[in-house]
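In the numbering used here, the protein residues as written are 1260 to 1679. Positions of the beta carbon are idealized from the N, C-alpha and C atoms, including for glycine.
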């Protein structure tokens, strides 16, 4: 492991909570594609599969920030365990209904209930922030590591979920994802020493949502469109591989996409770039948008894999910069909620992208579904450009002085302004 990554693990307990977070966030990449595979195996209806995935994502988008808001107030252990248990029970209900040919409405009910799954990645980033808030270089490296681990999940999660559901039994993918969630959350919340201090809200406490920040609003809106890229590519790639008689290969192709992002994230974490983070963020969004175009030209699975690898190179650096911008725009007492709003934006986008892509596939074939990905990329770039001016202003309406690298903490910027 390169020395900057090795250095951040000098903090006591960091290895344990990072490992627990890796297990706990595996469902992020397993549940959606697992449901898609399960329903397509049982019914052959991609529109139903996409609609169920959309229901799960929209439910998580509505409930997730509220769970994180409670975490900010009461702590991770008190909130995450009951939320995860409820999500696991809902997933179990969904699998039982699917296996027993229950009416479609029951599938939607349990998909909605499963949306209370917590944003484990946000919980881990909050722990890193608590440790390295006053060490911006280390915090930048920690955010980079988390983005890389996200991609590790997206490398192995779809492979595991699709592989289990296609070679064992259709419900196996989502079932194993639920087990990962419970194991990861219980292990994480058992580690009290590194748990961020909660911020109970009294009568004199600001009770407004972190989403009141103009900068966070821009980030979230952009990531709705970005999520539509992710959601549509998952569905379309699965259908594209099936049309060519290699459905199980979809997991490996999606893994190649994640490998590109993972490699870019590792390199990005070693860099300490100068200049405004907002400009790099917009550039990253535009790079993702442009990289969608070759997907429509794919005529076979090898070409598609190469195109997705190139597309993945823009993902992790953009996500790393996004987390640094959140830390700059959101108050400390609302940091977990702020990070979860980005996951919410992605979840809403995944819901829209997977649903629309499912309809397009059923109507016009798998390859045409990549038009949804291209359209989502164009929308993300348009929103990023439109909101750039708002993003360059801090929550207090001042120009943030992040002329250094991404990891500058807001406390240091505030100190600089007071000294000036």
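- Non-local C-beta neighbours of residue 1263 in its own chain, meaning closer than 7 Å and more than five positions away in sequence, comprise 1400, 1528, 1529, ordered along the chain.
- Under the 10 Å beta carbon count, residue 1502 is surrounded by fewer than 16 other beta carbons and is classified as exposed.
- If you look at residue 1502, you'll find it in the alpha helix (DSSP H) that goes 1473–1502.
- DSSP places residue 1600 within a helical segment (H, G or I) once states are collapsed to three.
- By the neighbour-count definition (other C-beta atoms within 10 Å, threshold 16), residue 1338 is a buried residue.
- Residue 1472 and residue 1616 have their alpha carbons spaced roughly 32 Å apart.
- With a 10 Å radius around the Cβ and a threshold of 16 neighbouring Cβ atoms, residue 1426 comes out exposed.
- Here the alpha carbons of residue 1533 and residue 1526 stand approximately 16 Å from one another.
- Under the three-pair Cβ rule at 8 Å, the stretch 1574–1582 does not count as touching the stretch 1360–1373.
- The beta carbon of residue 1349 lies closer than 7 Å to those of 1369, 1372, 1373 in the same chain, with the five residues before and after it left out.
- Here residue 1328 is buried: its Cβ has 16 or more other Cβ atoms, across all protein chains shown, within 10 Å.
- In the structure shown, residue 1454 adopts coil according to DSSP, grouped into three states.
- Shown here, residue 1551 sits in coil according to DSSP, grouped into three states, outside any helix or strand.
- Its Cα nearest to that of residue 1310, the residue 1608 stands out among 1608, 1504, 1410.
- Residue 1331 sits away from residue 1586, with the two beta carbons spaced by 7 Å or more.
- One alpha carbon belongs to residue 1316, the other to residue 1483, and they sit about 11 Å apart.
- Between residue 1295 and residue 1313 a beta carbon distance of about 11 Å is seen, past the 8 Å cut, so the two are scored as non-contacting.
- Cβ neighbours of residue 1488 within its own chain (closer than 6 Å, five residues either side excluded): 1632, 1635, 1636.
- Boundaries of the alpha helix (DSSP H) harbouring residue 1275: 1273–1283, taken from the DSSP string.
- Note that the C-beta distance between residue 1516 and residue 1437 is not below 7 Å.
- The continuous alpha helix (DSSP H) containing residue 1364 extends over residues 1363–1372.
- In this structure, residue 1639 and residue 1544 form a Cβ contact; the two beta carbons are roughly 5 Å apart against a cut-off of 8 Å.
- Listed in chain order, the non-local C-beta contacts of residue 1335 below 6 Å within the same chain comprise 1382, 1448, 1454, local neighbours out to five positions each way being set aside.
- Look at residue 1324 here: in three-state DSSP terms it is helix.
- Annotation: the continuous alpha helix (DSSP H) that includes residue 1443 extends over 1431–1448.
- Annotation for residue 1648: the continuous alpha helix (DSSP H) segment containing it runs 1647–1650.
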